[in-house]
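Per this note's numbering, the sequence shown runs over residues -8 to 94. Heads up, the beta-carbon is just placed ideally off N, CA and C, and yes, glycines get one too. Written below as structure tokens is the structure these notes are about.
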Amino acid sequence: MDAILDFTQTLIQISATIAVITVAASVIVLLYRAILGPTNPDRAVALDIIGINLMALAGLIAILLVTTRFNDVVLLIGILLFIGTVALAKFLEKGVIIERDLD
């Protein structure tokens, strides 16, 4: 029984490490798209996906460190990502984020 448990822990360790490397490589590619994207919506999508990848990295690090303390970090990144996406979409559509009527 101990052999199966050791094998499972090793398999999880290797899988999580490969996933971290893959997500980090995708962040590098997305940084290229965010900097040199042909249009502003392309940059916005790239920044949104970079945030999702940061959430994945925090979750994978929590798996590698065998802790639940990163769950709050994942939720916080998700909330900030949503607010940022809404603000960026409004800015791209209207040109301003906060409308001030001076009537």
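Could you give the distance in angstroms between the alpha-carbon of residue i and the alpha-carbon of residue j?
i, j, result
"Phe82", "Ile41", "19 Å"
"Ile26", "Arg60", "32 Å"
"Ala47", "Val20", "16 Å"
"Phe54", "Val11", "What sits at residue 54 in the sequence shown is Ile, not Phe. The alpha-carbon atoms of Ile54 and Val11 are separated by roughly 11 Å."
"Asp(-3)", "Ile88", "53 Å"
"Leu2", "Leu71", "33 Å"
"Ile52", "Ile(-5)", "23 Å"
"Val14", "Asn44", "6 Å"
Taking the alpha helix (DSSP H) that residue i falls in, what are its first and last residues?
i, result
"Arg100", "Limits of the chain in this structure are -8 at one end and 94 at the other, which puts residue 100 out of reach."
Give the DSSP-derived three-state secondary structure of residue i in the structure shown.
i, result
"Ile26", "helix"
"Glu84", "helix"
"Thr59", "coil"
"Ile89", "coil"
Looking at chain B, is there any beta carbon in it that lies within less than 7 Å of the beta carbon of residue i?
i, result
"Val57", "The chain labelled as chain B is not found in the depicted structure, where only one protein chain is given."
Inset, instruction - For the segment 14 to 28 and the segment 36 to 50, state whether three or more C-beta atom pairs, one from each stretch, are separated by less than 8 Å. - result: yes
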